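Enquirer: Please see the structure below; I have some questions.
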Amino acid sequence: MDIPATRGIPTSLIEKSTIRKISLRIVPFVALMFFINFLDRTAISFAAPNGLESDLGLTAAQFGFASGVFFIGYILLEVPSNLALHRFGARIWLARIMITWGIVSLLFTWVQNYPQLVGLRFLLGIAEAGFFPGAILFLSTWVPARHRGKMLAFFYLAQPLTSVIGSPLAGWLMTHEGILGGLEGWRFMFLCVSIPAILVGILCLFVLKDRPSQVSWLDADEKQWLETSLAQENKGKLGADGAKGGLRAAFGSGRVWMLSFVYFGFIYGLYALSFFLPTIIDGFQEQFGTEFDLFQKGLITAIPYVPAAIALYFWSRDAFRRGVRTWHIAVPALVGGIAVPFALYMQSPAATIAVIAIVAMSIFAALPNFWTVPTRFLTGAAAAAGVALINTLGNLAGFAAPYITGAVADATGGYQVPMMIVGFFMVLSSVLMVLVARGRKDDPEPGVARTISADDTTNRTEIGA
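21 is the number of the first residue of the sequence shown in the working numbering; add one for each residue after it.
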């Protein structure tokens, strides 16, 4: 159904001005939060080959376990945290999450041994629990479905850009050995990347608002259009009948559980790449006889994420124009899954990085389009619980990928077999996404596909088309 024009102004003009303001006022700030989130979460991967492993006496398996134990704490509180966000509001809860994880991240500056490292990583996961699904849920309450894929693409750009900017930055910070109280370079890096989380968390209390009616930068016509548009979309979705019914709908939805397994494969590939790419690059000296300083290693680590960011933008742009189709999610997963095992069989650093770039492009092309799916058929408490459940089960791979990768690398003496396991899970995600789309035709739940207006036939999600 079309939303009627307000005060004689064509709805299309109101819609464009509203979305433009949201794009400028909300999305960049939430993307900045995500940028800091991913940098703090993966800072350990930069520190590991540049002093942390040797100073703490870690094996590859211990580093993998310390990296992955983050996700144990994370998943324990993921759903409760997102329900708390639904109850107390995104402004307060997202600010609480950022300030808490910033404080815990700061403590890594003084970690002395493996047990302390594991304990802090576990606490960091507890502190960060709920941030990512909370940010997805927050954006879904501000952006109508037909614009959501585009907004999520801009939001998701923060993740590859974290590596593009963060990797050289981390390398540069680690060159400042002893600059502050005799701190090792990797400790100084932890100190510097933690402070922005605390500052931006405090700023969040003043920048974000929970509802369109609370902001002054939307005029009355724009607020009415946005609230009416979102209310019409929520009719008939799972979770529209309140918190109790929403929880039951989310946890009883076969589609939610299947999407959780799809997401598992993506996250397995993402974190195997994120946590071990600096270590693989550090091994270029032994493998190819090349030698790089800390800053150069940071730059090389960033290289695959530049084409990844470009692929994310243009792939999501195509999905926005056509409507998100099954192949927008399944094809990148398949390509990345096939490519990743070949990375360690290349005969030069350039060829290795080129293959890794293909894997990174595949992962980041699929992820923002994947996240347009759950909020197409979930709302309210069901959306909070459903998005959190998908993220929780998917992030089991955040523990499994680093630990299995490190343990298998120790057992086999290299990363060839671990990368084959990564490829398997990504291909499995591709297959499961196709099965989700086919199964939808006989699913009695409200469908994922939803046409927003009678004349808006291109900007919609068409899972299964």
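Glycine is no exception: its CB is placed at the ideal position from the N, C-alpha and C atoms.
These numbers come from a predicted model, not from an experiment.
#1: How many Å lie between A427 and A81 at the Cα?
#2: Are there three or more Cβ pairs, one per stretch, closer than 8 angstroms when the segment 318-332 is compared with the segment 163-183?
#3: Does DSSP put D302 in a helix, in a strand, or in coil?
#4: Mind checking which residues open and close the alpha helix (DSSP H) that includes N102?
#5: I need the straight-line Cα distance from V407 to G221, nearest angstrom please.
#6: Taking L52 as part of the alpha helix (DSSP H), name the residues at either end of that continuous run.
#7: Measure the alpha-carbon distance for V451 versus G318 and round it to whole angstroms.
#8: Measure the C-alpha to C-alpha separation of W206 and A67 and round it to an integer number of angstroms.
#9: In chain order, what residues of the same chain lie with their CB nearer than 6 angstroms to the CB of P464, ignoring the 5 residues before and after it?
#10: Only counting the same chain, and skipping five residues up and downstream in sequence, which positions put a Cβ closer than 7 angstroms to that of I34?
#11: Can you have a look at S32 and say buried or exposed, based on whether 16 or more other CB atoms are within 10 angstroms of its CB?
#12: When burial is assigned at 16 or more other CB atoms within 10 Å of the CB, is D60 buried or exposed?
#13: Look at the alpha carbon of F85 and the alpha carbon of G418, and state the distance between them as a whole number of angstroms.
#14: What does the Cβ neighbour count give for Y365, buried or exposed, with the cut at 16 atoms within 10 Å?
#15: If distances are taken between C-alpha atoms only, which option among I323, L72, I378 comes closest to M194?
#16: So, is N133 buried or exposed, given that buried needs 16 or more other C-beta atoms within 10 angstroms?
#17: Taking 9 angstroms as the threshold (C-beta atoms), are W121 and E148 in contact?
#18: What does a CB cutoff of less than 7 angstroms around V184 pick up in its chain, not counting 5 residues either side in sequence?
#19: Is the CB-CB distance between Y291 and A421 below 9 angstroms?
#20: Quick check on DSSP: helix, strand or coil for I14?
#21: Just to confirm my understanding: we take D462, look at its own chain, exclude 5 residues before and 5 after, and list those with CB closer than 6 angstroms. What are they?
#22: Pull up the distance between the alpha-carbon of G357 and that of R166, whole angstroms please.
#23: Please classify I56 as buried or exposed, where buried requires at least 16 other C-beta atoms within 10 Å of its C-beta.
#24: Could you say which of L409, I424, P298, R345 lies nearest to P369 if we only look at CA atoms?
#25: For D302, which residues from the same chain have a beta carbon less than 6 angstroms from its beta carbon, with the 5 sequence-adjacent residues on both sides left out?
#26: My assumption, with CB atoms under 8 angstroms, is that F91 sits in contact with L413. Please give the rounded CB distance.
#27: Assign I215 to one of two classes, buried (16 or more other C-beta atoms within 10 Å of its C-beta) or exposed (fewer than that).
#28: By Cβ distance below 8 angstroms, which residues in the same chain neighbour L105 in space, the five residues on each side in sequence not counted?
#29: Write down every uninterrupted run of the alpha helix (DSSP H) in the segment 315-387 whose length is 4 residues or greater and which is fully enclosed by it, in chain order.
Expert: Reading it off the structure:
#1: As the crow flies, the alpha-carbon of A427 is around 4 angstroms from that of A81.
#2: They touch, by the three-pair rule.
#3: In the three-state reduction of the DSSP assignment, D302 falls in the helix class.
#4: 98-108 is the extent of the alpha helix (DSSP H) around N102.
#5: Taking the straight line joining both Cα atoms gives about 22 angstroms.
#6: From DSSP, the alpha helix (DSSP H) with L52 extends over 47-67.
#7: Near 35 angstroms, if we compare the C-alpha coordinates of G318 and V451.
#8: Rounded to whole angstroms, W206 to A67 spans 5 angstroms at the Cα level.
#9: Any reading at P464 needs caution, since the residue's pLDDT is 39, under 50, leaving its predicted position unreliable; the model's value is listed next. Same-chain partners within the cutoff: there are none.
#10: Its chain contains T26, D241, E242, W245 as the residues whose beta carbon lies nearer than 7 angstroms to that of I34, once the 5 sequence neighbours on both sides are disregarded; these appear in chain order.
#11: By the 10 Å Cβ count, S32 comes out exposed.
#12: Note on D60: 16 or more other CB atoms within 10 angstroms of its CB, so buried under the neighbour-count rule.
#13: Distance between the alpha carbons of F85 and G418: 10 angstroms.
#14: Exposed, since its Cβ has fewer than 16 Cβ neighbours within 10 Å.
#15: Out of I323, L72, I378, L72 has the C-alpha closest to the C-alpha of M194.
#16: Result: exposed.
#17: Result yes, Cβ atoms of E148 and W121 sit closer than 9 angstroms.
#18: Closer than 7 angstroms at the Cβ level, and outside the excluded window around V184, lie A322, Y325, V326, A329.
#19: Yes, Cβ-Cβ distance for Y291 and A421 is below 9 angstroms.
#20: Not covered by the structure: residue 14. The range shown for the chain is 21 to 485.
#21: Confidence in D462 is poor, its pLDDT being 40 and thus under 50, which makes the residue's placement unreliable; the coordinate value appears in the next sentence. Once the five neighbours on either side are set aside, D462 has no close Cβ partner at all.
#22: Cα-Cα distance, rounded: 29 angstroms.
#23: I56 comes out buried.
#24: The residue with the shortest Cα to Cα distance from P369 is P298.
#25: Cβ within range, chain order: P69.
#26: That belief does not hold up - the Cβ atoms of F91 and L413 are roughly 11 angstroms apart, past 8 angstroms.
#27: Burial call: exposed.
#28: Exclusion of the five residues before and after L105 leaves W113, L114, G150, G154, L157, F158, A404 as the residues of its chain whose Cβ lies within less than 8 angstroms of its Cβ.
#29: At a cut-off of 4 residues, the continuous stretches assigned as alpha helix (DSSP H) that sit fully inside the segment 315-387 are 325-342, 346-359.
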